[in-house]
Amino acid sequence: MANYLLMLHGTPWSNQSVLSACQFARAAIKSGNTVSTIFLYQDAVLNAINTLDIPSDELNGQSHLLQLKNEHDIKLMLCVTAAEKRGLTEANIHSNFTISGLAEFAELTTQADKVIQFK
201 MANYLLMLHG
211 TPWSNQSVLS
221 ACQFARAAIK
231 SGNTVSTIFL
241 YQDAVLNAIN
251 TLDIPSDELN
261 GQSHLLQLKN
271 EHDIKLMLCV
281 TAAEKRGLTE
291 ANIHSNFTIS
301 GLAEFAELTT
311 QADKVIQFK
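Each residue of the sequence shown is one higher than the last, beginning at 201 in the working numbering.
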C-alpha cells in the first residue's frame, strides 16, 4: 500500500480543495493506504488560525482537517514563510497544527510514495 503526503493551497472557507483533500485522505486510508502528513502552503495556512469562526452553513476546511487529525493522527503542518506573510505565529495557530519549513516538506517527500497537491 502507498504512503501519501498531501499539500493544500486553498483557504478554509471558500475553496473546495480542502474538502477534496480530506475526502481523498479518508478514501486512501479506507483502502489500506496511509496519509502521513497534510502540509498547508500559500493561503491554506489560514486553515490553522485558532480563532477561525466560520458560519455552520459555509464550508469549513479547518473542521475537516481537525477531524482527520483526531481520527487518524495525521500530522497537520504549515509553511512558516506562508504563515508569516499572512500574520500567523505560534501564538495564533490552533494547537493541532505545527509550523515547519519547506525543508521539512522536502524531507517528507522522500518518505512518501506519492505527493498530491490540492489547489
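C-beta atoms are modelled at their ideal positions from N, C-alpha and C, and glycine is treated no differently. Just so we're clear, the structure is a prediction, and the values are computed from it rather than from any experiment.
Beta-bridge pairing of residue i - partner residues as DSSP gives them
{"i": "Cys279", "result": "Ser300"}
{"i": "Lys314", "result": "Tyr204"}
{"i": "Ile293", "result": "Ile249"}
The alpha helix (DSSP H) enclosing residue i, as first and last residue numbers
{"i": "Leu240", "result": "First-last for Leu240: Thr234 to Leu240, but that is the beta strand (DSSP E), not the alpha helix (DSSP H)."}
{"i": "Val218", "result": "Gln216 to Lys230"}
{"i": "Asn270", "result": "Gly261 to His272"}
Close Cβ partners of residue i (< 8 Å) along its chain, the five nearest in sequence each way excluded
{"i": "Ala248", "result": "Leu240, Gln262, Leu276, Leu278, Ala283, Leu288, Ile293, His294 and Phe297"}
{"i": "Ile274", "result": "Ala225, Val235, Ser236, Thr237, Ile238 and Leu268"}
Own chain, CB closer than 7 Å to residue i, minus 5 neighbours either side, in chain order
{"i": "Cys222", "result": "His264, Leu265 and Leu268"}
Do the region 249-259 and the region 220-239 meet, that is, are 3 or more Cβ pairs less than 8 Å apart? no
May I ask you to verify whether the region 296-312 touches the region 203-215, counting CB pairs closer than 8 Å and requiring at least 3? yes
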